[in-house]
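Residue numbers (this note's numbering), protein chains in the order written: chain A, 1 to 274; chain B, 1001 to 1274. Cβ atoms here follow ideal geometry from the backbone N, Cα and C, with glycine treated the same way. A quick write-up on the structure given underneath.
See the structure below:
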């Protein structure tokens, strides 16, 4: 893929992916191709939704009406791939390891670069991601099971509807982390201070009440083990827009590939409201 | 019982129990004799533990080591029945509707006035009470079942030990309020801001994990109904000291009678840490 400026040339030295610009450059150069978990610790990573201007206003209304699954971190000007407010030299077309291109609600391609798809009318939405609150939980001594087990967080489509806006509608997707009740209470307190990255859980303890029949069969991600003294704790999930896009079928859309996020310069610590 | 100053004389006009001094005077005069729930709305009510000086230092260490069941609102000077910091013209000997006198860990009397028992070495502890956080939950639109059902909150001795200090030890007592999972999450956030009145719950969803075999058989208070879509939510309870006194058997102690609290001038709103 042609890269147009000097920073996009492969550099002789490997990038330092512990800082956010280094992480983005490593991804841009193709030296990092997998999930972004663990890159630039302490920095906010974001879910991505890119839509043409004619759908973007409705999607922004959808996000505002559904702040728990879709906490907005940034919205670009139409056609501008550089979101300077969230990252220096950031290029949204090349700085995510893998994307999903959607046409009429169907996935058509999963490229590592969307420069060929770029258009002057595309608006980029960066949406808060659970990596930020997982860091806060780990710092408080709470084990995150899917991290311990080295897999993706289990995610489930629920019977909870999102609030529709324009063409956008569909069920809430939640991520699940098993915890002891005492840790679940602590996790509510910790994540409740972080509304910019999904905030407090939306549900706990009773998957049947939100339409989840079997925790061992997630709709996205991987199943994790749940111990006898644990309850499942559910957070609104940034994969909700992808489920909504599949349901609402906009003509054209690009999202990140689950787990392959945009790494920003924003500090997780800055997201706390208290 | 002889009352020594003018304010303790029955007044011609009934006291206004919607303000805290009026509530205390109505209790002192004997015109209010039952539970204090609903008196002086918006004001902090407190659990009471009164101990001789030789046990008081250990009990203070016990309270500091167990802040969730024993959040300290005030501690008196030895022998001083007036806690001016928490109420004007407050007299701890007469301003609680009913007391329990304990000798060697056994209840010996449940008087309406402890003036005959007063000694120059008695230290008064006022401990935060769930009435304050229940008000905050109700203001947020959360139903409190035992209030709806017009009975006392159900309380249970648990398998969770308190942290011992000196002679004081014994199991944590919890109060239980059934809620939908979504309201339970909200309740964690609301009560977590109120550490001075028990703070966030200590447990939820799984009574078996904390040694509660049957929610229909509380150790104190009354059973309440639990709906199919609800989970039990447990808070550390200010009755814990009474259970601890029965276990630890100090030579002499006075507590309030459950439900008959000391009404203070402190505002519930001032207890919030954010």
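Query raised in the report: Which bits of chain B does residue 182 of chain A rub up against, with CB to CB less than 8 Å?
Result: Those are 1202 and 1203, listed as they occur along chain B.
**Report entry** Residue nearest to residue 1047 of chain B in terms of C-alpha spacing, selected from B/1132, B/1031, B/1136 and B/1166
**Finding:** Nearest option by C-alpha distance: B/1132.
Query raised in the report: To the nearest angstrom, how far is it from the Cα of residue 1122 of chain B to the Cα of residue 1114 of chain B?
Result: Taking the straight line joining both Cα atoms gives about 12 Å.
Query - chain B contacts from the segment 222 to 238 of chain A (Cβ-Cβ distance under 7 Å) - result: Answer set for the segment 222 to 238 of chain A: 229 and 231.
Report task. Would you list the one or two residues that DSSP bridges to residue 1253 of chain B? Result -> Looking at the DSSP output, residue 1253 of chain B bridges to B/1102.
Report task. Please report the Cβ distance between residue 253 of chain A and residue 64 of chain A, rounded to the nearest whole angstrom; I am assuming they are in contact, meaning their Cβ atoms lie under 8 Å. Result -> At roughly 18 Å, the Cβ-Cβ gap does not stay under 8 Å, so residue 253 of chain A and residue 64 of chain A are not in contact.
Query raised in the report: Can you find a C-beta in chain B that's less than 9 Å from the C-beta of residue 209 of chain A?
Result: So yes, residue 209 of chain A belongs to the interface.
Query - Contact list for the segment 132 to 161 of chain A against chain B, Cβ threshold 7 Å - result: Residues of the segment 132 to 161 of chain A with a C-beta less than 7 Å from any C-beta of chain B: none at all.
Query raised in the report: If you draw a straight line from the alpha carbon of residue 1079 of chain B to that of residue 184 of chain A, how long is it in whole angstroms?
Result: Those two C-alpha atoms are separated by around 44 Å.
Query - Proximal residues to residue 1094 of chain B (C-beta, below 6 Å), its chain only, five neighbours per side dropped - result: For residue 1094 of chain B, where only same-chain residues beyond five positions count, the Cβ hits under 6 Å are 1028 and 1113.
**Report entry** 9 Å Cβ cutoff, residue 186 of chain A in contact with chain B
**Finding:** Yes, contact with chain B.
**Report entry** Neighbour-count burial assignment, residue 1259 of chain B, 16 or more Cβ in a 10 Å radius
**Finding:** Classification of residue 1259 of chain B: buried, given that the 10 Å Cβ count is 16 or more.
Query raised in the report: Around the Cβ of residue 1023 of chain B, are there at least 16 other Cβ atoms within 10 angstroms (buried) or fewer (exposed)?
Result: Classification of residue 1023 of chain B: buried, given that the 10 Å Cβ count is 16 or more.
Report task. Determine, using beta carbons only, whether residue 192 of chain A comes closer than 9 Å to chain B. Result -> Interface criterion met: the Cβ of residue 192 of chain A is under 9 Å from a Cβ in chain B.
Report task. Sort out for me which residues DSSP pairs residue 1152 of chain B with in a bridge. Result -> Note: residue 1152 of chain B sits in no beta bridge, so no partner.
Requested in this report: Look up residue 189 of chain A in the DSSP assignment and say whether it is helix, strand or coil.
Outcome: Annotated three-state conformation of residue 189 of chain A is helix, per DSSP.
Query raised in the report: With distances taken from CA atoms, which of B/1155, B/1200, B/1124 and B/1237 is nearest residue 1213 of chain B?
Result: Selection B/1155, B/1200, B/1124 and B/1237 evaluated against residue 1213 of chain B yields B/1155 as nearest (Cα-Cα).
Query raised in the report: Quick one: Cα of residue 1288 of chain B to Cα of residue 1129 of chain B, how far?
Result: Outside the displayed span of chain B (1001 to 1274) sits residue 1288 of chain B, for which this structure offers no information.
Query - Strand pairing of residue 168 of chain A, partner residues [DSSP] - result: Residue 168 of chain A is bridged to A/165.
Query - Per-residue burial, residue 84 of chain A [other beta carbons within 10 Å of its own, 16 or more giving buried] - result: By the neighbour-count criterion, in which 16 or more other beta carbons inside 10 Å mark a residue as buried, residue 84 of chain A falls on the exposed side.
Report task. List the residues that DSSP assigns as beta-bridge partners of residue 1059 of chain B. Result -> Note: residue 1059 of chain B sits in no beta bridge, so no partner.
Query raised in the report: Tell me which same chain residues have a C-beta within less than 6 Å of the C-beta of residue 238 of chain A, skipping the five on either side of it?
Result: For residue 238 of chain A, where only same-chain residues beyond five positions count, the Cβ hits under 6 Å are 47, 127 and 129.
Query raised in the report: How would you write the range of the alpha helix (DSSP H) that residue 130 of chain A sits in, first residue to last?
Result: That run of the alpha helix (DSSP H) goes 130 to 139.
**Report entry** Min CB distance residue 1177 of chain B to chain A below 9 Å
**Finding:** Taking 9 Å as the threshold, the shortest C-beta distance from residue 1177 of chain B to chain A does not fall below it.
Requested in this report: Determine, using beta-carbon pairs with one atom in the segment 1188 to 1203 of chain B and one in the segment 1221 to 1240 of chain B, whether at least three such pairs fall under 8 Å.
Outcome: Using a C-beta cut-off of 8 Å, the segment 1188 to 1203 of chain B makes contact with the segment 1221 to 1240 of chain B, since at least three inter-stretch Cβ pairs fall below that distance.
Requested in this report: Mind checking which residues open and close the alpha helix (DSSP H) that includes residue 1243 of chain B?
Outcome: Annotation for residue 1243 of chain B: the continuous alpha helix (DSSP H) segment containing it runs 1240 to 1248.
Requested in this report: Might you give, ordered along the chain, the residues of its own chain that have their beta carbon closer than 8 Å to the beta carbon of residue 1170 of chain B, omitting 5 neighbours on each side?
Outcome: So the list reads 1161, 1162, 1240, 1243, 1244, 1246, 1247 and 1248, once near-sequence residues are dropped.
Query - Residues near residue 1018 of chain B by beta carbon distance below 8 Å, same chain, minus five either side - result: If we look at residue 1018 of chain B and ignore the five residues flanking it on each side, its Cβ neighbours are 1039, 1040 and 1041.
Requested in this report: Determine the closest residue to residue 1033 of chain B out of B/1270, B/1198 and B/1261, with distance taken between C-alpha atoms.
Outcome: Out of B/1270, B/1198 and B/1261, B/1261 has the C-alpha closest to the C-alpha of residue 1033 of chain B.
Query raised in the report: When DSSP labels each residue in this structure, what does residue 1053 of chain B get in the three-state scheme?
Result: Reduced to three states, the DSSP call for residue 1053 of chain B is helix.
Report task. Please check if any C-beta of chain A sits within less than 9 Å of the C-beta of residue 1189 of chain B. Result -> With 9 Å as the cut-off, residue 1189 of chain B counts as an interface residue toward chain A.
Report task. To the nearest angstrom, report how far apart residue 1178 of chain B and residue 1165 of chain B are at their CA atoms. Result -> Residue 1178 of chain B and residue 1165 of chain B: Cα-Cα distance of roughly 32 Å.
Report task. Could you tell me whether the Cβ atoms of residue 1043 of chain B and residue 1020 of chain B are closer together than 9 Å? Result -> Between residue 1043 of chain B and residue 1020 of chain B, the CB-CB gap stays under 9 Å.
Query raised in the report: Do the CB positions of residue 1194 of chain B and residue 1152 of chain B come within less than 9 Å of each other?
Result: No, Cβ-Cβ distance for residue 1194 of chain B and residue 1152 of chain B is not below 9 Å.
Query - 9 Å Cβ cutoff met for residue 1100 of chain B and residue 1255 of chain B - result: Cβ distance < 9 Å, so residue 1100 of chain B and residue 1255 of chain B count as in contact.
**Report entry** Boundaries of the beta strand (DSSP E) in which residue 1027 of chain B is found, first to last residue
**Finding:** Unbroken run through residue 1027 of chain B is the alpha helix (DSSP H), 1020 to 1028; no beta strand (DSSP E).
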